[in-house]
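Numbering (this note's numbering), first residue to last: 1 to 154.
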Amino acid sequence: DKYFHIKEKDTPDFVANIWLDNDYCGQHQYKGRTTNTHTVNIPMKVILSPSSSDTSNNNNKKNLIMHKDGNGRLYYRIALNYAPSNLQLNAVNYGFKVERTYIAINDSSHAQKQSDGTWKFKLGEKIKVILIMTTTQRRYHIALVDYLPAGCEP
């Protein structure tokens, strides 16, 4: 209650604007208290394209600028959602190593690892997934979540 009276004493009445370098990305006006959220999506091609403020075209860095004009507190979250252009990624180990093996239940030939590292399954085969996680040191409170690949059903 004390936090609210100190940090939230001003009723929101402001406009928030967003730029990526000199490129205007959007705005939203906030009036009154609400739990509604607002999203500004910036396409990856805009993020990766040369900045209009970089005349040398040698700098890949861009500034994300947010400006609030008015009273009240602005809460925000910045996230980047993307998929790599090449799905054949090299393995990395930052202290956790995860190995995944697939075994066909009915016929071992129905789950085969290909030469490029991908797996090939026979349609309709039941597959057992074996996960092995190793760490470089003792860790606590670790959760390993392994989602089903697209096309597989429990």
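Backbone N, C-alpha and C fix where the C-beta goes; we use that ideal spot for every residue, glycine too.
Query: Own chain, CB closer than 6 Å to lysine 113, minus 5 neighbours either side, in chain order; Result: Trp119
Query: Distance between aspartate 23 and alanine 83 (C-alpha atoms, nearest Å); Result: 24 Å
Query: Where the beta strand (DSSP E) containing isoleucine 65 begins and where it ends; Result: 64 to 71
Query: Sequence-distant residues of the same chain with beta carbon closer than 6 Å to asparagine 17, five excluded per side; Result: Gln27 and His67
Query: Start and end residues, beta strand (DSSP E) containing leucine 20; Result: 13 to 20
Query: Outcome for lysine 62 when other beta-carbon atoms lying within 10 angstroms are tallied against a minimum of 16; Result: buried
Query: Assigned exposure category for leucine 123 - 16 Cβ within 10 Å defines buried; Result: exposed
Query: Opposing strand residues paired with alanine 104 [DSSP bridges]; Result: Ile127
Query: Identity of the residues DSSP links to aspartate 23 by a beta bridge; Result: Leu20
Query: Buried or exposed (CB count within 10 angstroms, at least 16 for buried), proline 149; Result: exposed
Query: Test item: CB-CB of isoleucine 65 and tryptophan 19 under 7 Å; Result: yes
Query: Isoleucine 78 (DSSP reduced to helix, strand or coil); Result: coil
Query: CB-CB length for proline 1 against glycine 72, believed under 8 Å; Result: The question names proline, yet the displayed sequence has aspartate at residue 1. Aspartate 1 to glycine 72, Cβ: 19 Å. No contact.
Query: Distance, glycine 70 Cα to tyrosine 140 Cα; Result: 45 Å
Query: Buried versus exposed call for alanine 143 [16 or more other C-beta atoms within 10 Å across all chains shown]; Result: exposed
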